[in-house]
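Accompanying notes for the structure given below.
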Amino acid sequence: MVKQQMKSNHLKTLLSGMRPTGRLHLGHYFGVLSSWIKLQNKCKCYFMASDWHALTSDYVDTSMINNNTLEMLADWITIGIDYKQSIIFQQSKVPQHSELFLILSMLTPLSWLKRCPTYKRQIKEIKNKDLNNYGFLGYPVLMAADILLYKAEIVPIGDDQLSHLEFTRDIARRFNNFYGNILIEPKEKLNKISRIPGLDGRKMSKSYYNTILLGETNDILKKKIENLFTDPLKIRRHDRGHPDDCVVFTFHKIINTEYSDIRKKCIIGSIWCMLCKKYLMEILSEFMGPLEKKRKNIISDKTFLEKIIKMGSQKAEAIAQNTIDEIRKAIKF
Ligand code: TRP
Ligand code: SF4
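Quick look at the structure:
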């Protein structure tokens with residue numbers, strides 16, 4: 004009876020993180036943040052700014068990392084991450100991450116890192132930075148350390164991070180095989196909408212300059228929507244359109260509950276692209292309007308933001324140290 008009760012009261016532990024690369028956009032929101040918000044009442048949550056991960060690729064110019072961390076934190080709070088309920092922290096402020104990273108790197112077969120699809124893709128795609136460094140190859144090891152330190156059971160991620168989560172489970176299993184059952188194999192939580200289009204129809208990403216920022220001002224939002232591509236075959240007002248070839252429609256699909264009505268009207272030519280954009284603008288600005296003001300207030304008080312992250316990091320450190328104690332004992336150090 005007591006046992007059963009304990010089981011039902013057990014809040015699962017959730018950890019997720021983001022690299023501080025600047026202000027967040029709708030891609031982050033629909034990709035993972037919306038699921039952080041949904042789950043923060045249901046789980047014991049850790050939300051981490053992974054600045055060491057930023058360093059793996061931005062080691063030449065580190066000048067933006069700290070400020071980006073605060074900008075990102077402001078975004079989190081603006082969209083409803085509750086720093087009183089969840090632990091919000093900065094990776095580099097919790098030294099246990101680097102300790103576990105070091106220990107795990109001893110057990111990591113090089114072949115596991117070299118075959119990682121994210122690694123291979125980024126080495127191929129990213130040409131403006133030299134990513135032939137040891138730290139970047141070790142990116143998944145650091146991410147595994149982040150997750151395993153808190154014995155997180157649930158990890159919300161975008162689908163581009165899936166291979167890192169598989170790596171995390173593999174390394175946890177390997178550790179447990181060698182030293183006893185200490186680490187927990189986490190499960191990913193993927194959002195239903197995994198690919199948010201940017202203004203040009205490619206994946207929304209800062210490096211493509213195609214983003215809509217969270218808390219974008221109404222003027223900029225309007226310009227961005229006005230410039231969106233539509234179906235090139237729908238030229239005149241009553242031309243029949245192909246919504247699935249239209250960026251405007253992909254946005255409707257994500258944020259407009261009545262998107263199927265838009266689809267129908269577009270196909271039979273009873274809606275005009277200008278009007279269709281106007282509807283989209285209305286919905287987006289209803290969502291964004293309050294964010295802009297709220298964000299401005301939050302970012303204006305950097306001392307407050309620094310305090311939140313410092314307090315969160317202290318709380319995280321206490322938990323992380325428990326795991327490190329267990330691990331040191333297990334490896335007889
Ligand atoms: N690598 C993740 C990303 O780029 C960020 C991250 C770092 C993370 N550590 C994590 C995500 C731990 C989940 C859990 O999106
Ligand atoms: Fe796209 Fe809307 Fe124009 Fe159809 S009516 S092509 S969905 S903008």
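Numbering (the working numbering), first residue to last: 4 to 336. No residue lacks a Cβ here, since even glycine has one placed at the ideal position from N, Cα and C. Note that this is a predicted model, so its numbers are computed, not measured.
Item	Value
For I90, I'd like the list of residues in its chain whose CB is within less than 6 angstroms of its CB, leaving aside the five on either flank, ordered along the chain.	Y49, G315, K318, A319
Of the choices I265, P159, D163, P143, whose alpha-carbon is the least far from that of D173?	P143
Pull up the CB-CB distance for L294 and T81, whole angstroms please, since I reckon it's below 8 angstroms.	6 angstroms
Please name the residue, chosen from G244, I265, A57, that lies closest to Y282 on a Cα-to-Cα basis.	I265
Quick check: the region 54-68 against the region 192-210, are at least 3 beta-carbon pairs closer than 8 angstroms?	no
What residue from K45, Q43, S19, K335 has the CA that sits closest to F92's CA?	S19
In chain order, what are the residues with a CB under 5 angstroms from some non-hydrogen atom of the ligand SF4?	T233, D234, K237, G244, P246, C249, V251, F252, C269, I274, C276, C279
Pairs of beta-carbons, one from the region 101-112 and one from the region 233-251, closer than 8 angstroms: are there three or more?	no
Check this for me: beta carbons of T16 and A148, under 7 angstroms apart or not?	no
Could you check whether the Cβ of R172 sits closer than 6 angstroms to any heavy atom belonging to the ligand TRP?	no
Among A321, D163, T24, M75, whose alpha-carbon lies nearest the alpha-carbon of R124?	D163
Answer yes or no: do R26 and L216 have a C-beta to C-beta separation smaller than 7 angstroms?	yes
Taking only heavy atoms of the ligand TRP into account, decide whether any of them is closer than 6 angstroms to the Cβ of D162.	no
Can you give me the start and stop residues for the beta strand (DSSP E) that Y49 sits inside?	46-52
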